[in-house]
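Each remark here refers to the structure printed beneath this line.
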Amino acid sequence: MTQMNVDICSKSASAASGVRRSRGLWRAASLLAVVLAATQLQGCFVLGLGAVGTTAYVATDRRTAGSILEDNTIELKADNRISSALGAGVNVRAVSYNQQVLLVGQVPNEADKQKAEEIVKGVPNVKAVLNEIDIGPVADLNRSATDTLITTKVRARLIDARDIFGNAFKVTTSNSVVYLMGIVTQREADRAVQIARDTTGVSKVVTMFNIISEQQLQQMQNPQKTNAPPPEPRGNNPA
Numbered sequence: 029m030t031q032m033n034v035d036i037c038s039k040s041a042s043a044a045s046g047v048r049r050s051r052g053l054w055r056a057a058s059l060l061a062v063v064l065a066a067t068q069l070q071g072c073f074v075l076g077l078g079a080v081g082t083t084a085y086v087a088t089d090r091r092t093a094g095s096i097l098e099d100n101t102i103e104l105k106a107d108n109r110i111s112s113a114l115g116a117g118v119n120v121r122a123v124s125y126n127q128q129v130l131l132v133g134q135v136p137n138e139a140d141k142q143k144a145e146e147i148v149k150g151v152p153n154v155k156a157v158l159n160e161i162d163i164g165p166v167a168d169l170n171r172s173a174t175d176t177l178i179t180t181k182v183r184a185r186l187i188d189a190r191d192i193f194g195n196a197f198k199v200t201t202s203n204s205v206v207y208l209m210g211i212v213t214q215r216e217a218d219r220a221v222q223i224a225r226d227t228t229g230v231s232k233v234v235t236m237f238n239i240i241s242e243q244q245l246q247q248m249q250n251p252q253k254t255n256a257p258p259p260e261p262r263g264n265n266p267a
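In this note's numbering, each number is its position in the sequence shown, counted from 1, plus 28.
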């Protein structure tokens, strides 16, 4: 905030400073918006400055609000427990959707890979774990940037598709392998796999879906009708 001064010249200097500061804040806000958008493309749930965007995201997510909150709690607990147990020499990320957890990243040996899985299985309310951690050196910045770009492209293509609802899918990429999660019909699942496979840079597609019927989808889209039973987990399928 700029301060008001009595001297006219001081006012001008203050105003100029205020303009520069405002521009700086705008650039910072713009950068934050890009970061928030990127995390949403990764399927993250952001609070605070992203409250408006988050509200819209929750409204289009097929999970309940309680399930979304539980997934983010699981991710936080899993990441913290893995970091505490395995230390700084690993790079592991837990991605939870409908209480099914995908593990991606890199660890130096098989023992650490299995340890990470056991840790996540011990987190309350976790229904299933798909351990896709690679054994090897931690990914460098170029590898991470490439994976982020692939996720962004796949996410954008899913949203652009006219025959499926892109926001029903959670997209994660690790070492050029794309992982798709979501509560979807078989038709939507098959279409999403096709889109991801045809995206430049993707080496493989792995799915971890909750498959529902077309009737269940209609009931979810029309909540005033009879509620559909909760979808059963179905996944761990390389495509």
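Using N, Cα and C, we set each Cβ at its ideal position, and we do this for glycine too.
Item	Value
So, Ile240 versus Ile211, is the Cβ gap smaller than 8 Å?	yes
Please name the residue, chosen from Val148, Asn159 and Ser112, that lies closest to Ile102 on a Cα-to-Cα basis.	Val148
Only counting the same chain, and skipping five residues up and downstream in sequence, which positions put a Cβ closer than 6 Å to that of Val233?	Val206, Val221, Ala224, Arg225 and Ala267
Does DSSP put Val221 in a helix, a strand or coil?	helix
Leaving aside the five residues before and after Arg121 along the sequence, list all residues of the same chain whose C-beta is less than 6 Å from its C-beta, in chain order.	Val132 and Gly133
With a threshold of 8 Å, are at least 3 pairs of Cβ atoms found where one atom belongs to the segment 150-157 and the other to the segment 135-142?	no
Roughly how many angstroms lie between the CA atoms of Val129 and Val123, to the nearest whole one?	5 Å
Is the beta carbon of Glu145 closer than 8 Å to that of Val157?	yes
Taking the CB atoms as reference points, tell me whether Met209 and Met248 lie closer together than 8 Å.	no
For the candidate residues Tyr125, Val166 and Phe197, whose alpha-carbon lies nearest to that of Gly115?	Val166
Hey, how far is the Cα of Val230 from the Cα of Val182?	9 Å
Rounding to the nearest angstrom, what Cα-Cα distance links Asp12 and Thr176 in this structure?	Since the displayed the chain opens at 29 and closes at 267, residue 12 lies outside it and no answer follows.
Does the beta-carbon of Asn250 have 16 or more other beta-carbons within 10 angstroms, so that it is buried, or is it exposed?	exposed
Quick one: residues in its chain with C-beta nearer than 6 Å to the C-beta of Ala66, no 5 flanking neighbours on either side, listed in chain order?	At Ala66, the pLDDT of 42 sits below 50, so the modelled position is not reliable and the matter cannot be decided from this model.
List the endpoints of the continuous beta strand (DSSP E) containing Thr200.	Phe197 to Ser202
Closer than 6 Å by C-beta to Asn159: which residues in its own chain qualify, once you throw out the five before and the five after it? Chain order, please.	Leu131 and Glu145
Can you tell me whether DSSP reads Gln134 as helix, strand or coil?	strand
The alpha helix (DSSP H) spanning Thr213 covers which residue range?	Taken as a continuous stretch (DSSP letters only), Thr213 belongs to no alpha helix (DSSP H), being part of the beta strand (DSSP E) at Val205 to Thr213.
Applying the 10 Å Cβ sphere with the 16-neighbour rule, what's the burial state of Gly194?	buried
Could you have a look at Thr228 and say whether DSSP puts it in helix, strand or coil?	coil
Mind checking Leu59: buried by the 16 CB within 10 Å criterion, or exposed?	Reliability of the predicted coordinates at Leu59 is poor, the pLDDT of 42 falling under 50, and no value is obtained from them.
Report the residue from Arg90, Asn170, Asp89 and Asn203 whose alpha carbon sits nearest the alpha carbon of Asp162.	Asn203
For a test of the three-state rule: what should DSSP assign to Thr235, helix, strand or coil?	strand
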